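Protein sequence lines correspond, in order, to chains A and B.
Just so we're aligned: 517 in my numbering is position 87 of the first sequence, and the numbers increase by one with no gaps anywhere.
Just so we're aligned: 550 in my numbering is position 55 of the second sequence, and the numbers increase by one with no gaps anywhere.
The C-beta atom is built at its ideal place from N, Cα and C for all residues, glycine as well.
Here the structure is a predicted model, which means the values were calculated and not measured.
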Amino acid sequence: EAGVTQFPSHSVIEKGQTVTLRCDPISGHDNLYWYRRVMGKEIKFLLHFVKESKQDESGMPNNRFLAERTGGTYSTLKVQPAELEDSGVYFCASSQDVGAGANVLTFGAGSRLTVL
Amino acid sequence: SQQGEEDPQALSIQEGENATMNCSYKTSINNLQWYRQNSGRGLVHLILIRSNEREKHSGRLRVTLDTSKKSSSLLITASRAADTASYFCATDAIPNFGNEKLTFGTGTRLTIIP
Chain A
431 EAGVTQFPSH SVIEKGQTVT LRCDPISGHD NLYWYRRVMG KEIKFLLHFV
481 KESKQDESGM PNNRFLAERT GGTYSTLKVQ PAELEDSGVY FCASSQDVGA
531 GANVLTFGAG SRLTVL
Chain B
496 SQQGEEDPQA LSIQEGENAT MNCSYKTSIN NLQWYRQNSG RGLVHLILIR
546 SNEREKHSGR LRVTLDTSKK SSSLLITASR AADTASYFCA TDAIPNFGNE
596 KLTFGTGTRL TIIP
C-alpha cells in the first residue's frame, strides 16, 4: 500500500513568489490534514479536509494560504505571495473515517519550504 | 496557545540506557498518542493511550497517562542507535465531533550515543 506522498520535497523561492505543495493521501482515506513546523517549534495544525470539504481551517495563518482537495483525492496548498515567515516544513497526513474514535494519522515526509 | 509540550527539549543518552520523555497538555482529551520523526521523514505513529487508561506497553515502549496532572511519559527501554529521532505527543480534544485533528507539541530530540 502506498503511503502519503508529498511533492516537492524541498522548494526554495523568493519572497513574493508563489509555491504550490501537493499531497496524495492513502487511497480511501477521507480525512486529510495539513500541518506546519517552523524552525523547531511545535507542529501546528493548518486545516482538515473530509473528502473534498473543508472541515476545519482554523489554523490557516492568513488569506495568502489556499488549500484545495479536488474530488476528494489529492490536495494542494498554495502560498501566494510567499513571505519569509512562511518558511518551514509542511506536513500532510491522512486517516480513515473513525467518527469519534481514535484518529491515528499517517504522515507524508513533508515539503520543506525556504523563502529567501 | 500550545497544547502539548514535551520535556526535555533534547536528550542524549548512551546506547542501552533507558530514555524518558514527558508531555504536558492543557485541555481534556480523548486519547494521547506518541509519534516519532526521523530526520527528513514523516511522523510515524508509535502508541496510543486512551483517557481511561493509565499505562500501556508496546515492545520496548511504555507510556503512562495521568489525566489529573494532564501529563504523559514515554519510556524507551534498552535504547538503540536507531531510536535517534524526535518524539512528539499528540492529543485530541473533547468534545470530539468526529475525526478530530491532533494537536502536537514541540517534540523531544533524542540522540542515542553508540
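Check                                                                                                                                                                                  : Outcome
Between the stretch 525-538 of chain A and chain B, which residues of the former have a C-beta closer than 8 angstroms to a C-beta of the latter?                                      : S525, D527, V528, G529, A530, A532, N533, V534, L535, T536, F537, G538
So which residues on chain A does N552 (chain B) lean against when the C-beta distance must stay under 9 angstroms?                                                                    : A small fix is needed here, since residue 552 (chain B) is His in this sequence, not Asn. Correct list: empty, because the minimum Cβ distance to chain A is about 17 angstroms.
What's the C-alpha gap between K484 (chain A) and L605 (chain B)?                                                                                                                      : 35 angstroms
Residues of chain B with a CB under 7 angstroms from the CB of K471 (chain A): which are they?                                                                                         : T601
G538 (chain A): buried (16+ other C-beta within 10 angstroms of its C-beta) or exposed?                                                                                                : buried
Does the beta carbon of D486 (chain A) sit closer than 8 angstroms to a beta carbon anywhere in chain B?                                                                               : yes
CB-CB under 6 angstroms to F502 (chain A), same chain, minus the five flanking residues each way: which ones, in chain order?                                                          : A quick correction: the sequence has Gly, not Phe, at residue 502 (chain A). So the list reads K481, E482, once near-sequence residues are dropped.
In whole angstroms, what separates the C-alpha of N533 (chain B) from that of T500 (chain A)?                                                                                          : 30 angstroms
For D486 (chain A), which option in B:A573, B:N517, B:F592 has the closest C-alpha, if you only look at C-alpha atoms?                                                                 : B:F592
Based on the DSSP output, what are the partners of A539 (chain A) in its beta bridges?                                                                                                 : DSSP output for A539 (chain A) lists no bridge partner at all.
Just verifying my parser: in three-state terms, what is the DSSP assignment at G501 (chain A)?                                                                                         : helix
At which residue ranges does the stretch 453-493 of chain A contain complete beta strand (DSSP E) runs of 3 or more residues, listed in the order of the chain?                        : 461-467, 473-480, 483-486
Please report the distance separating the alpha-carbon of Q497 (chain B) from that of I473 (chain A).                                                                                  : Low per-residue confidence applies at Q497 (chain B): pLDDT is 39, beneath 50, and the placement is therefore not dependable, though the value from the model is reported in the following sentence. Approximately 10 angstroms between the Cα atoms of the pair.
Anyone know if the C-beta pair for I571 (chain B) and L560 (chain B) falls short of 8 angstroms?                                                                                       : no
Taking just the CA atoms, how far does A432 (chain A) sit from S439 (chain A)?                                                                                                         : 17 angstroms
Just verifying my parser: in three-state terms, what is the DSSP assignment at E515 (chain A)?                                                                                         : helix
For Q497 (chain B), name the three-state secondary structure that DSSP assigns.                                                                                                        : Confidence at Q497 (chain B) is low in this model, with a pLDDT of 39, below 50, so the placement of that residue should be treated as unreliable; the coordinate-derived value is given next. Residue state, collapsed to three classes: coil.
Going by DSSP in three states, D527 (chain A) sits in which element: helix, strand or coil?                                                                                            : coil
Name the DSSP beta bridge partners of S519 (chain B), please?                                                                                                                          : B:E500, B:S566
Indicate whether the contact test is met: 3 or more Cβ pairs, each with one atom in the stretch 448-462 of chain A and one in the stretch 522-534 of chain A, closer than 8 angstroms. : yes
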